[in-house]
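> Could you have a look at this structure, given as structure tokens, before my questions?
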Amino acid sequence: MATTHTLGFPRIGAKRELKFALEAYWKGASSRDELVRVGADLRKRHWQDQGALDLVPVGDFAFYDQVLDMSFTLGNLPERVRGYHGDSLDNYFRVARGRSAETAEDHGGCCGGVAAGEMTKWFDTNYHYIVPEFDAETQFNLDASRLLEQLAEAEEQGVKAKPVIIGPVTYLALGKAKDGSDKLALLPRLLPVYAELLQALADQGVEWVQIDEPILVTELEAAWRDAFTQAYQTLGTGTVKLLLATYFGQLQENLPLACALPVQGIHLDAINARDEVDALIQSLPADRVVSLGVVNGRNIWKTDLHATLDWLEPVAEGLGERLWIAPSCSLLHVPVDLAGERKLDEEVRSWLAFAVQKLEEIRVLATALTQGRDGGRAAVAAELEANRAAIEARRHSPRVNNLAVKAAVAAIDAQLGRRKSAFAERAAKQAARLNLPKFPTTTIGSFPQTKEIRQARSQFKAGTIDAAAYTEAMRGEIARSVREQEALGLDVLVHGEAERNDMVEYFGEQLDGYVFSQSGWVQSYGSRCVKPPILFGDISRPKAMTVDWITYAASLTDKPMKGMLTGPVTILNWSFVRDDQPRSDSCRQLALAIREEVLDLEKAGVGVIQIDEAALREGLPLRKSQWQGYLDWAVESFRITANGVADETQIHTHMCYSEFNDIIASIAAMDADVITIETSRSDMELLDAFDDFKYPNEIGPGVYDIHSPNIPTEEHIVGLMKKAAERIPADRLWVNPDCGLKTRQWAEVLPALTNMVSAARTLRATI
Ligand code: GLN
Ligand code: ZN
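Add 1 to a position in the sequence shown, counting from 1, and you land on the number used in the numbering used here.
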């Protein structure tokens, strides 16, 4: 009988209880006791949800982030928060969120403002963790209290607990040495603390500990590979058994290394690394546990149970008791429970599985492995039959398969993604048409999403105002944005995106092939969640999506009005995508649909069209060796979307991040006439990546950080642009903020843009 388990469970709660409890506590609207109680209630409920498993994770719950929890367990607190006299949970939140000097409570003068820890993406997911901070002097001190308390809590509730921790090599690899010192030099100091932690767990009667080392699915330098050997020679000899968990990808060249480590079991992501299952089994000593992630922990689709059993049955036969089965990774990355979906399209719903349903699948698979697919328990046969019916229905549904779309994708040729003329020729025609000054000013698209906008939207959704009243309200907001931009003296205007709730959802809602869940929330960081739209079928655009709004806005001004779209790669990367075709195919379908919108805008007389690719970089694969393959189809998709227009039509794109060095050739290959990027926080240095030789077209380096309420001064902006002009010829520079302004107030936007416009005037007079 295969042992069943899971690597982790979503902690936010089916109704986002943790989010609301955290936010109430941070606001001072509820007590620490209340927050702690919500945490305990969620753990209890989630352990019950996982009750059918043989081993249940403990320690995967975190109030903010599991990596930050690990930093506290290891006593690795940033210098600036040590010596805090207050409550340790508050100190944890100080690292997570920072605290400004004004709001800091006075605990004897030691507890002024602190900067938040840096946050970054957890591997290739949309989850963000707080980066551990190191320097050459870092010392570690065990604080096992959180884990031991949760373990005691679990035991009291009769949970068959398997504590989960992040392994030492991954922990070091994910952190940052603030002084540029060698992080690996800390390993000898770190290992005794891990050994002590494992011993403390063993003392509590723990048999198995899951130790996560996902860094093993990435390319490792020799020193890091050696670190694995060193670490597990120390840790593998303790009394507790270690299940070394890898996920999100293949082990490839690290497979022999992983198999040689003296641990009692290895978890392999058999969704991404099915091909490696045999090699893993052959390489592992015969007394080791083989845990296979057979249900996808990163998507929301039902598993094809029969297809899984087809390959898993012989494996199970060979392994016997040594086989464990689980989802491929922690279920943190999927919504909690499909039962909460009341309004979801019934047909699509029958194809889906959220965390609770995925654990059901694990149970059914384990039962089928023990008793046979139609053997001992009739219930299993019925469950497998229901699964087969759902999988078949999805495979053949006309809503999934649109032959016209498939034919259009098959007909894509190189011509489709090519502009008619080279940049220089286009630029001359665009200059003649648009007649812009040097250092033209523009914004990235959105203006403040005011209370009135949100109110009108929710009234429209609730049916208390009709479509005409809603349109009227949005037009009012658009007119206000246009008026303000004219008064500011901006050169290329935008409509302000009042009608958009979200830059992906807005388009998903209008495309065929998408559905939206009601409460399919996934934690992004801390209390923040996203609800990714579900791309389930071939994508098509029944009708124009933005043309009415943009042409209305254009009718209010003589200045050029920029049409505003989200690009195919970003829509793809922020959605739950299909598992029945490659991501690149879905991306090309999106590209064709958005291309139609671009062409419709052009036909309607819109002379400047921006296609945002905010998430292009996010889609980069974990292994550098796979980057180019991704970049090739991502760039191709953008080009298909953008490049069907006439020379006179100016294409903009926007990317709100600042790391370009390693992908600059691909960014240039997109061939947008203008790219706007985030730069203000890096003091224009990142423009080094864009210098004359590598980036041939026009660039708008963001001149102020829209995440901050601070108003930039004219001098500051002029200074930044002068630096930019040292790297990029002045006649190719635009002046704009770092990103959209939807999260700001008008009272902040107006003075900031006033200074930006006068900075552009000063620049025109001086450069
Ligand atoms: N056009 C979008 C906006 O201004 C771009 C947002 C983004 O890049 N994240 O809001
Ligand atoms: Zn942006």
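We put the CB at the ideal spot given by N, CA and C, even for glycine.
(1) According to DSSP, is glycine 109 helix, strand or coil?
(2) Check this for me: beta carbons of alanine 369 and methionine 2, under 9 Å apart or not?
(3) In angstroms with no decimal places, state the Cα-to-Cα distance between tryptophan 209 and glutamine 200.
(4) Excluding the five sequence neighbours on either side, which residues of its own chain have a C-beta within less than 6 Å of the C-beta of aspartate 503, listed in chain order?
(5) In or out: aspartate 107 buried (at least 16 other Cβ within 10 Å) or exposed?
(6) Kindly list the residues whose CB is nearer than 7 Å to the CB of arginine 579, restricted to its own chain and excluding five residues on each side of it in sequence; keep chain order.
(7) Can you check DSSP and say which residues form a bridge with glutamate 699?
(8) Would isoleucine 641 pass as a contact of methionine 656 if the rule is Cβ separation under 9 Å?
(9) Please report the Cβ distance between serine 331 and leucine 8, rounded to the nearest whole angstrom; I am assuming they are in contact, meaning their Cβ atoms lie under 8 Å.
(10) Enumerated in chain order, which unbroken segments of the alpha helix (DSSP H) with a length of 4 residues or greater are wholly contained in the region 533-560?
(11) Taking only heavy atoms of the ligand ZN into account, decide whether any of them is closer than 8 Å to the Cβ of glycine 741.
(12) Within a Cβ cutoff of 7 Å, which residues of the same chain sit near asparagine 77, ignoring the five residues on either side of it in sequence?
(13) Applying the 10 Å Cβ sphere with the 16-neighbour rule, what's the burial state of glutamine 206?
(14) When DSSP labels each residue in this structure, what does alanine 274 get in the three-state scheme?
(15) Residue range of the alpha helix (DSSP H) that arginine 476 falls in?
(16) Quick check on the DSSP output: what are the complete beta strand (DSSP E) runs of length 3 or more inside the region 85-164, in order along the chain?
(17) Should the region 331-350 be called in touch with the region 376-390, which here means at least 3 C-beta pairs below 8 Å?
(18) What whole-angstrom Cβ distance do valine 278 and leucine 293 have, given they're in contact under 8 Å?
(19) On a CA-only basis, which of Pro193, Val704, Glu716, Gly741 is nearest tryptophan 735? Give me that one, please.
(20) DSSP on isoleucine 652, reduced to helix/strand/coil?
(21) Does the region 508-525 come close enough to the region 305-325 that 3 or more CB-CB pairs lie under 8 Å?
(22) With DSSP as the reference, please indicate the residues paired to aspartate 613 in a beta bridge.
(23) With three or more beta-carbon pairs closer than 8 Å as the criterion, would you say the region 474-487 touches the region 542-562?
(24) Is the separation between the beta-carbon of histidine 129 and that of tyrosine 526 shorter than 9 Å?
(25) Find out if the Cβ-Cβ distance for the pair valine 607, isoleucine 551 is shorter than 9 Å.
(26) Could you compute how far the alpha carbon of asparagine 574 sits from the alpha carbon of serine 585?
(27) Any heavy atom of the ligand GLN closer than 8 Å to the CB of serine 447?
(28) Would you check if there are 3 or more beta carbon pairs closer than 8 Å linking the region 464-481 to the region 412-427?
(29) Given that a residue counts as buried once 16 or more other Cβ atoms are within 10 Å of its Cβ, and exposed if not, what is leucine 721?
(30) Should threonine 767 be labelled buried (16 or more other beta-carbon atoms within 10 Å of its own) or exposed?
(31) Measuring alpha carbon to alpha carbon, tell me which of Leu591, Thr238, Trp312, His307 ends up nearest glutamate 362.
(32) Short of 6 Å in beta carbon distance, which residues of its chain neighbour threonine 442, apart from the five on each side in sequence? Order them along the chain.
(33) Straight-line CA distance for leucine 591 to alanine 411?
(34) Here's the rule I'm using: 16 or more other beta-carbon atoms within 10 Å means buried, otherwise exposed. How should aspartate 213 be labelled?
(35) At the level of alpha carbons, what is the spacing between arginine 98 and alanine 117?
(36) If we define contact as Cβ-Cβ less than 9 Å, is tyrosine 526 a contact residue for chain C?
Let me lay it out:
(1) Here glycine 109 scores only 41 on pLDDT, less than 50, and its place in the model should not be relied on; the value that follows carries that caveat. It is coil, neither helix nor strand.
(2) It is not a contact, given that the beta carbons lie outside the stated cut-off.
(3) Looking at the two C-alpha atoms, the distance is approximately 12 Å.
(4) Correct list: empty, nothing qualifies.
(5) Summary for aspartate 107: the model assigns pLDDT 44, below 50, so the residue's position carries little reliability, and this model does not support an answer.
(6) Only Leu536, Phe537, Ser587 meet the Cβ criterion.
(7) Paired residues: Val675.
(8) Not in contact: isoleucine 641 and methionine 656 (Cβ atoms no closer than 9 Å).
(9) The pair is a contact, with the Cβ atoms about 4 Å apart (cut-off 8 Å).
(10) Listed in chain order, they are 548-556.
(11) Under cutoff, so the answer is yes.
(12) Listed in chain order, the non-local C-beta contacts of asparagine 77 below 7 Å within the same chain comprise Pro133, Thr139, Phe141, local neighbours out to five positions each way being set aside.
(13) The residue you asked about is not glutamine; residue 206 is glycine in the sequence shown. With fewer than 16 other Cβ atoms within 10 Å, it is exposed.
(14) DSSP places alanine 274 in the coil class of the three-state scheme, outside both helix and strand.
(15) Its alpha helix (DSSP H) spans residues 468-489.
(16) Here the runs fully enclosed are 120-122, 129-131.
(17) With a cut-off of 8 Å, the region 376-390 and the region 331-350 do not count as touching, because too few Cβ pairs lie within range.
(18) Sure, about 6 Å apart at Cβ, within 8 Å.
(19) Residue Val704 is the option with its Cα nearest to tryptophan 735.
(20) Of the three classes helix, strand and coil, the one that applies to isoleucine 652 here is strand, per DSSP.
(21) Two segments are said to touch when three or more pairs of C-beta atoms, one from each, lie closer than 8 Å; by this definition the region 305-325 does not touch the region 508-525.
(22) DSSP, once it has assigned bridges, lists Thr567, His655 as partnering aspartate 613.
(23) At 8 Å Cβ cutoff, the stretches touch.
(24) Yes, the Cβ-Cβ distance between histidine 129 and tyrosine 526 is below 9 Å.
(25) Yes, the Cβ-Cβ distance between valine 607 and isoleucine 551 is below 9 Å.
(26) When rounded, the distance between both Cα atoms is 11 Å.
(27) Checking every heavy atom of the ligand GLN against the Cβ of serine 447, one is found closer than 8 Å.
(28) Contact between the region 464-481 and the region 412-427 is not established, with fewer than three Cβ pairs separated by less than 8 Å.
(29) Leucine 721 sits buried, since 16 or more C-beta atoms from the chains shown fall within 10 Å of its C-beta.
(30) That one is exposed.
(31) Check the Cα spacing between glutamate 362 and each of Leu591, Thr238, Trp312, His307: the tightest is with His307.
(32) Same-chain partners within the cutoff: Leu491, Asp492, Val736, Val758, Ala761.
(33) If you draw a straight line from the Cα of leucine 591 to the Cα of alanine 411, it comes to about 14 Å.
(34) Aspartate 213 comes out buried.
(35) Taking the Cα positions, arginine 98 is about 5 Å away from alanine 117.
(36) In the structure shown, chain C cannot be found, because there is only a single protein chain.
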